[in-house]
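Quick note on our numbering: the sequence shown kicks off at 1 and runs consecutively. Note that the Cβ used here is the ideal one computed from N, Cα and C, for glycine as well. Notes to accompany the following structure.
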Amino acid sequence: MYKLIRSLLFSFDPEKVHEWSMAVLMRLTRNRICAGWIRQWARPPQMPEKEFLGLRFRNPVGLAAGFDKNAKYLAALDLLGFGHVEIGTVTPIAQDGNPKPRLFRLPADNALINRMGFNNEGMDAVAKRLQTWRNGAGKGSRMIIGGNIGKNKQTANEDAWKDYLACFKTLHPLVDYFVVNVSSPNTPGLRALQDADSLRNIFHALQEHNRLQEKQKPVLLKIAPDLVFEQVDDIIALTSEVKIDGLIVANTSISRDGLRTAEGRVAEIGAGGLSGKPIRAKSTEMLGYIHQRAKNRLPLIGSGGVFSGADAKEKMAEGASLVQVWTGFVYEGPLIVKKICKAFA
Ligand SMILES: Cc1cc2nc3c(=O)[nH]c(=O)nc-3n(C[C@H](O)[C@H](O)[C@H](O)COP(=O)(O)O)c2cc1C
């Protein structure tokens, strides 16, 4: 059924389809009868809660950052059964992101390429929306909310820590965990922040603030799948020096290796981060490497090419405690959480 709807949706612009379909879902969610029906239809099988980072996740399937950048769709995502949703990437000041078109489908590869460039409404607008969710519709919700934070495009890398800290302070009372995103390929120079000195600065600033709060929030780091093993080793070493509560492995890739889509089409699309099936093996391999090198002591979330229960199990076999989906949601449809959870039931 979704395959049929998908072929229709795929004939329109990807970014527009994303906005329309979520707007429709949100409209349905506001009607009590529709909401009840969606909840029933999408409900994943009952499974034991997962304790991770001191939080209780109702299931291991989360929605990766970038899908609900501005925390606009939480009510609908809750009905679809997500164990957690990572909002953002949020920056201190609102920004438009890169010129459109900036999101492309590669159906032959079950993949996407995006160069969104951290389009978001800024930390204050997002905080306000989260507050409304926490005080209203989200009051009884068991869905965990992560805050993925970044820097504004015009902020120099040496001042980046100030942007991360500003977002951290603003969102601290409103999210359950944080993710420092230094791995998006679409903000010029951002990935240079994955070096040990920059990460030390950022995490030091965040954990200093965290330490003084009544309730500390776990702070994770999201890395790129394009790092070489020496860079990964540096990050693992850093985790015993500064408090990094876990890693998300991994973001989108700048690689275009092994794609089935015609070379001409790939060249025409141009720059951006590749996601979906073509990055699954690489990010899972990186996950396994980190899990072994860190001797199982680093909490890990697997992201990259999760479409099925088998993909999720593979990430978990390599050390992930939870998985996240993004491109899989587009290709597999709104029952993806239910489908993956069934494989664990
Ligand atoms: C359109 C799009 C926008 C994204 N935006 C963000 C973002 O703002 N911050 C971030 O950390 N990751 C972002 N990502 C990366 C995803 O969170 C995820 O890590 C990546 O797509 C790999 O997972 P997937 O293969 O399931 O899509 C984005 C991905 C896509 C496709």
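With distances taken from CA atoms, which of the options is nearest residue i?
{"i": "residue 332", "options": "307, 264, 107, 227", "result": "307"}
{"i": "residue 157", "options": "192, 321, 67", "result": "192"}
{"i": "residue 169", "options": "185, 136, 135, 211", "result": "211"}
{"i": "residue 194", "options": "205, 283, 52, 224", "result": "224"}
{"i": "residue 87", "options": "312, 294, 289, 180", "result": "180"}
{"i": "residue 5", "options": "120, 161, 341, 330", "result": "330"}
{"i": "residue 70", "options": "104, 296, 27, 122", "result": "122"}
{"i": "residue 316", "options": "270, 248, 328", "result": "248"}
{"i": "residue 29", "options": "188, 137, 274, 314", "result": "137"}
{"i": "residue 340", "options": "219, 8, 18, 44", "result": "44"}
{"i": "residue 119", "options": "107, 246, 318, 184", "result": "184"}
{"i": "residue 279", "options": "270, 295, 259, 296", "result": "259"}
When the Cα atoms are used, what is the spatial distance from residue i to residue j?
{"i": "residue 143", "j": "residue 73", "result": "13 Å"}
{"i": "residue 244", "j": "residue 33", "result": "43 Å"}
{"i": "residue 283", "j": "residue 186", "result": "19 Å"}
{"i": "residue 167", "j": "residue 78", "result": "24 Å"}
{"i": "residue 153", "j": "residue 42", "result": "38 Å"}
{"i": "residue 46", "j": "residue 345", "result": "8 Å"}
{"i": "residue 234", "j": "residue 162", "result": "23 Å"}
{"i": "residue 98", "j": "residue 178", "result": "25 Å"}
{"i": "residue 312", "j": "residue 338", "result": "13 Å"}
{"i": "residue 139", "j": "residue 38", "result": "19 Å"}
{"i": "residue 250", "j": "residue 274", "result": "11 Å"}
{"i": "residue 134", "j": "residue 218", "result": "19 Å"}
{"i": "residue 188", "j": "residue 101", "result": "18 Å"}
{"i": "residue 196", "j": "residue 208", "result": "18 Å"}
Might you give, ordered along the chain, the residues of its own chain that have their beta carbon closer than 7 Å to the beta carbon of residue i, omitting 5 neighbours on each side?
{"i": "residue 277", "result": "109, 110, 111, 305, 307"}
{"i": "residue 325", "result": "61, 63, 64, 306, 336"}
{"i": "residue 52", "result": "299, 321, 322"}
{"i": "residue 127", "result": "170, 171, 174"}
Quick one: measure Cβ to Cβ for residue i and residue j, integer angstroms, because I've assumed they're closer than 8 Å.
{"i": "residue 320", "j": "residue 287", "result": "6 Å"}
{"i": "residue 75", "j": "residue 26", "result": "7 Å"}
{"i": "residue 343", "j": "residue 309", "result": "2 Å"}
{"i": "residue 115", "j": "residue 272", "result": "4 Å"}
{"i": "residue 90", "j": "residue 148", "result": "7 Å"}
Considering only residues of the same chain and omitting the five flanking positions on each side of residue i, which have a CB-CB separation below 8 Å?
{"i": "residue 49", "result": "56, 57, 58"}
{"i": "residue 232", "result": "223, 286, 289, 290, 293"}
{"i": "residue 334", "result": "2, 25, 42, 80"}
Note down, in chain order, each residue of its chain lying with its Cβ closer than 6 Å to the Cβ of residue i, except the 5 sequence neighbours on either side.
{"i": "residue 67", "result": "326"}
{"i": "residue 15", "result": "103"}
{"i": "residue 9", "result": "17"}
**Three-pair Cβ contact test at 8 Å for the segment 246-266 versus the segment 201-216** = no
**Prompt:** Do the segment 78-89 and the segment 131-147 meet, that is, are 3 or more Cβ pairs less than 8 Å apart?
**Reply:** yes
**Asked** Below 8 Å, can you find three or more Cβ-Cβ pairs linking the segment 19-29 to the segment 256-276?
**Response** no
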